[in-house]
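Working notes for the structure below.
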Ligand code: PMP
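Residue numbers (my numbering): 19 to 376.
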């Protein structure tokens, strides 16, 4: 008898589902979240505003005020802004309106797994250029791949998850000039790098910038992301979104977070960056480990001891990290998010113990 699964596209059947271990630990360093909860002033103001509105009514069809706040924060025009239910939704929307059988998406790997996943589900082809052996972007190789294959979409994750490398604006400009297709820059971690592609938007109508409230903004639970691009292009991407994709509570929280960013969130971002540099220095001094320099709130670490063993040993000590050894080029690596100073101290002490004992 034919199986109902036969109706699923073969390329989808061949995929492994994107998923995460369900462990909950005292110290959680596996998802690049902000280790501090969103400041209480932001929560209270969000609740105050949400209590003032009727919950029986839909949100605005197009959240114009929110788009304006996002535009002002980003230095771009409100007509060129789109908000989403997490930036994942916007990655999906961009690919939905561009990718199908016969379409090609260029990425550098290792990178965020969702780009390959969604492209494959949509029937497109993934073209992949490896990072350099130092795990930095190989801009020359990307440029020549663009010139020879003219992909429909090129996705650059900067800072890159999981390696933390960034693509310099001058290199990005070269890719944009050489590309007849779209170039999508995923800036989920840009607040930690002090670097953005936004100034290139006005000169390059084929550029799309994606951002999220899940990392520096400490709002991962509420699922908010946004997209910046040429207004004509943004209108097309919007066609792939469901109406009212962003709920009123999440939208309100994101608005308040933007208003209070400088006073309440920027100091936390600063602290995370200085903790990242401290963690890097500590791990560099540890025999058996080689950390990779990162411009984000996480880093990849090469380990003499098998990454799976490091993961298990840390889990026994109530610390959750990410085993990235299945990613291309990262067979010897694990990834840690930067935690609070106390969490990082615990991680450092535990790693010292685990590696000392191996
Ligand atoms: N892009 C990158 C590079 C990420 O690492 C993540 C989350 N891990 C996302 C996008 C998705 O973030 P969200 O959907 O929470 O906005």
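Heads up, the beta-carbon is just placed ideally off N, CA and C, and yes, glycines get one too.
Exercise answer, beta-carbon shell around the ligand PMP heavy atoms below 5 angstroms
104, 105, 106, 130, 175, 179, 204, 206, 230, 232, 243
Going by DSSP, what residue range makes up the beta strand (DSSP E) through residue 244?
243 to 247
If you measure between the beta carbons of residue 155 and residue 183, is that distance less than 7 angstroms?
yes
Rounded to whole angstroms, what is the Cα-Cα separation between residue 163 and residue 80?
38 angstroms
Kindly indicate which residue of 206, 221, 181, 180 has the alpha-carbon position closest to the one of residue 190.
221
Can you name the residues that DSSP bridges to residue 351?
320
Taking the straight line between their C-alpha atoms, what separation do you get for residue 111 and residue 96?
19 angstroms
Relative to the alpha-carbon of residue 207, which residue among 297, 185, 273, 172 has its alpha-carbon at the smallest distance?
185
Buried or exposed: which applies to residue 37, given that a residue is buried once 16 or more other Cβ atoms fall within 10 Å of its Cβ?
exposed
Cα separation between residue 269 and residue 84?
7 angstroms
Using the rule of at least 16 other Cβ atoms within 10 Å of the residue's Cβ for burial, across every protein chain shown, is residue 169 buried or exposed?
buried
Might you give, ordered along the chain, the residues of its own chain that have their beta carbon closer than 8 angstroms to the beta carbon of residue 210, omitting 5 neighbours on each side?
177, 233, 234, 287, 290, 291, 294, 313, 314, 315
With DSSP as the reference, please indicate the residues paired to residue 164 in a beta bridge.
Its beta-bridge partners do not exist; DSSP assigns none.
For residue 98, count neighbouring C-beta atoms within 10 Å of its own C-beta (all shown protein chains included) and say buried if the count is 16 or more, exposed if not.
buried
What does the alpha-carbon distance come out to for the pair residue 205 and residue 46?
22 angstroms
Would you call the CB atoms of residue 318 and residue 353 closer than 7 angstroms?
yes
Give the range of the beta strand (DSSP E) segment to which residue 148 is assigned.
143 to 148
Cβ shell of residue 68 (< 7 angstroms), same chain only, five flanking positions each side left out
266, 267, 270
Could you check what DSSP says for residue 268 in three-state terms: helix, strand or coil?
helix
Euclidean distance between Cα positions of residue 341 and residue 70
45 angstroms
Do residue 115 and residue 137 have their CB atoms nearer than 7 angstroms?
no
contact_flag[the region 275 to 282, the region 127 to 142] where n(CB pairs < 8 angstroms) is 3 or more
no
Where residue 230 falls, given that 16 or more other Cβ within 10 Å makes a residue buried
buried
Given a cut-off of 7 angstroms on the beta-carbon distance, is the pair residue 140 and residue 108 in contact?
no
How would you call residue 11, buried or exposed, if buried means at least 16 neighbouring beta carbons within 10 angstroms?
In the structure as shown, the chain begins at 19 and stops at 376. Residue 11 is therefore absent and cannot be evaluated.
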